[in-house]
Amino acid sequence: MNLDKWRIVARLPIASTVACVVGFTTPLLAQETDQCAGVNDILLTNGKILTVDENDSVVTSLRIRGNTIDSVGGEQGDVSTCTQTIDLQGRTVIPGLIDSHVHWIGRASRPGHNVAEMDNAFSVAQAIEILQKKAQTVPEVDGEVTVNNFITAIGGYSTLQFAEGRLPNLEELDAIARPVYLSVGFGGSGQTNSAGIAYFEAHGVQVSEDGQVGQGGRDALAAEQTFEDKKRGTLDLMAWS
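Quick note on the working numbering: the sequence shown kicks off at 676 and runs consecutively.
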């Protein structure tokens, strides 16, 4: 069985190279020595290994030799000093997953300092905490507000994930020491704070007194983006992922 299906990547930690092992923290029992250099011999034991074969079989052990799955379930043969044995302690192993619908380029090139971590906020308080942390890395406003001063969270999350069922409001966002633009969609209306209201009004975007931004908020920010801004956004997303 070839490992292409399992998406083994040599530079990842061993738990990741084999599969997605939920909660795995067990150290490798075998240590790499000069004798074992270049040897790829991995034995997974005592787990729930989803083979995704035609019968959806679940086995307890799996052996990898070189770049090939040597055996699945049953007897795994002799174990040498070069065998890296992982006791899964009942944990589950799945084949590597390929997600072809992540919109990587679109997410990496969103205007402003986009906060991908908003995916992990489940209350307004958590959202504010994430935004405040991001503000520490965003340039202070020096004169006129630009896109490079904005903290943004554009798409990829929902108000339904927040306990309050809404985005942070104007007063709550004013606790952030940078202009902020939040939008659960990818080009529709959004929410800003006092530091952002003047910017959007100056760029012809309708903003209410309570900071609700009409259509065109993202477009106004994107119009000021430079290639360097997009490079920085890409590196930020790579670091987060």
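For each residue, glycine too, the CB sits at the ideal point set by N, CA and C. Quick caveat, the model's predicted, so the values are computed rather than measured.
Item	Value
Environment of GLY722 [buried if 16+ CB atoms lie within 10 Å]	buried
Separation of GLY863 from LEU857, as counted between CA atoms	10 Å
Three-state secondary structure (DSSP) of ARG907	helix
Reference GLN807; option with closest CA among ASP745, ALA852 and VAL799	ALA852
N-terminal and C-terminal residue of the alpha helix (DSSP H) that ALA810 is part of	799-810
Three-state class that DSSP yields for THR758 in the structure shown	coil
Under 9 Å between C-beta atoms of GLN890 and GLN866	no
Three-state secondary structure (DSSP) of TYR856	strand
Ranges of the beta strand (DSSP E) found wholly within the segment 717-764, counting only runs of at least 3	723-725, 737-740, 743-747 and 759-762
Residue range of the beta strand (DSSP E) that includes ILE769	767-769
Boundaries of the alpha helix (DSSP H) in which ILE780 is found, first to last residue	779-783
Simplified DSSP state of ASN789, which is helix, strand or coil	strand
Where PRO688 falls: helix, strand or coil (DSSP)	In this prediction, PRO688 scores a pLDDT of 37, lower than 50, which makes its location untrustworthy; no coordinate-derived value is stated.
Separation of ARG738 from ILE761, as counted between CA atoms	10 Å
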